[in-house]
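Only one structure is covered here, and it is reproduced in the block below.
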Amino acid sequence: MAFGLVWIQSSKYEPLTVGKIAPEFELPDLVDKGVRLSDFRGKVVFLNFWATWCKPCREEMPSMEILYKNFERDGLVVLAISIDRVTTKKDIPPFVKSLNLTFPILIDSWGQTDKRYKLMGVPETYIIDQQGVLREKVIGPRDWTILDNLQTLTGLLKAGVKSARAAPPAR
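Its first residue numbered 7, the sequence shown is counted upward by one per residue in the numbering used here.
Below, the structure written as structure tokens:
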């Protein structure tokens with residue numbers, strides 16, 4: 007009976023699909039202020055899931071900081087969601103400080119968001135366009151300073167600039 011139940015649940019698993027609306031969430035940041043994905047509609051969102059105990063996450067973070075500093079003025083939002091559970095939550099602020107990270111860090115200690123995004127592991131990154139549509143899913147670490155790794159992101163940022171220029175002035 008338990009085997010059948012597991013089989014039924016696993017047969018209904020559907021990974022997040024590029025081209026669909028990214029799942030909404032609200033999570034606390036490091037000072038316990040709630041942050042919602044929808045707060046950033048109109049901007050390109052780089053959404054990264056990570057954990058303090060994850061060595062590839064630690065290695066990826068410095069390139070994310072460079073990405074953030076290089077593209078923030080162009081409308082890029084970087085959100086890094088820690089999946090550290092309640093027992094390791096205390097490790098997040100020292101981790102952030104040790105890497106001098108300045109982009110927003112969100113905390114998902116209860117796993118509500120990683121379930122919505124159907125994570126395969128960490129790090130895992132999602133590129134979300136200005137309308138909230140998932141445009142790229144990256145499983146595993148990347149060096150975000152290498153131009154070939156930024157094609158989707160830079161394309162969305164350029165498209166956003168063009169559409170903003172083409173839009174009629176606000177009245």
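Built from N, CA and C at the ideal position, the CB exists for glycine as well.
Going by Cα to Cα distance, which pick from K95, I113 and P99 is closest to L107?
-> As a working note, residue 107 is residue 101 in the sequence shown. With distances taken between CA atoms, L107 lies nearest to P99 out of K95, I113 and P99.
State the CB to CB distance for the pair E32 and G40, rounded to an integer number of angstroms; the pair is presumed to be in contact (CB under 8 Å).
-> For the purposes of this step, residue 32 is taken as the residue at position 26 of the sequence shown. For the purposes of this step, residue 40 is taken as the residue at position 34 of the sequence shown. Indeed, because the Cβ distance is near 5 Å, the residues count as touching under 8 Å.
What three-state label does DSSP hand L153 in the structure shown?
-> Indexing the sequence shown from 1 puts residue 153 at position 147. L153: helix per DSSP, three-state reduction.
Under the three-state DSSP convention, the category G40 falls into | Reading the sequence shown from its first residue, position 34 is the one you call residue 40. DSSP, read as helix, strand or coil, puts G40 in strand.
Kindly indicate which three-state DSSP category R141 falls into: helix, strand or coil?
-> Here residue 141 refers to the residue found at position 135 of the sequence shown. R141: strand per DSSP, three-state reduction.
Three-way DSSP call (helix, strand, coil) for T131 in this model | Position 125 of the sequence shown, counting from 1, holds the residue named residue 131. Reduced to three states, the DSSP call for T131 is strand.
Counting along the chain, where does the alpha helix (DSSP H) carrying E78 start and finish?
-> Here residue 78 refers to the residue found at position 72 of the sequence shown. No alpha helix (DSSP H) contains E78, which DSSP labels as neither H nor E.
Is the segment 61-75 in contact with the segment 113-123, if contact means three or more CB pairs nearer than 8 Å?
-> For the pair of segments examined, the segment 61-75 was found not to touch the segment 113-123: the number of CB pairs separated by less than 8 Å stays below three.
Ordered along the chain, which non-local residues of its own chain (more than five positions away) have a Cβ less than 6 Å from that of G48?
-> Here residue 48 corresponds to residue number 42 of the sequence shown, with the count starting at 1. Shown here for G48: same chain residues with a beta carbon closer than 6 Å to its own, the five before and five after excluded, namely Q136 in chain order.
Please name the residue or residues paired with P68 in a DSSP beta bridge.
-> Position 62 of the sequence shown holds residue 68. None, per the DSSP bridge assignment.
Contact check, Y123 vs L36, beta carbons under 8 Å = Along the sequence shown, read from residue 1 onward, the residue named residue 123 stands at position 117. Along the sequence shown, read from residue 1 onward, the residue named residue 36 stands at position 30. No.
Could you tell me the distance, in whole angstroms, from the CA atom of D80 to the CA atom of Y74?
-> Within the sequence shown, the letter at position 74 stands for residue 80. Within the sequence shown, the letter at position 68 stands for residue 74. For the pair D80 and Y74, the Cα-to-Cα distance works out to about 10 Å.
Do the CB positions of S115 and D97 come within less than 8 Å of each other?
-> Here the question's residue 115 lines up with position 109 in the sequence shown. Here the question's residue 97 lines up with position 91 in the sequence shown. Taking C-beta atoms as the reference points, S115 and D97 fail to come closer than 8 Å.
Can you tell me the Cβ-Cβ gap for F52 and V84, rounded? I've got them flagged as a contact below 8 Å.
-> The residue labelled residue 52 in the question sits at position 46 within the sequence shown. The residue labelled residue 84 in the question sits at position 78 within the sequence shown. Contact holds; Cβ gap of about 5 Å.
Anyone know if the C-beta pair for R141 and I152 falls short of 8 Å?
-> Walking along the sequence shown from the start, residue 141 turns up at place 135. Walking along the sequence shown from the start, residue 152 turns up at place 146. For R141 and I152, no; Cβs fall outside 8 Å.
Buried or exposed: where does T93 fall if 16 or more other Cβ atoms within 10 Å of its Cβ makes it buried?
-> Numbered from 1 along the sequence shown, position 87 holds the residue referred to as residue 93. Burial call: exposed.
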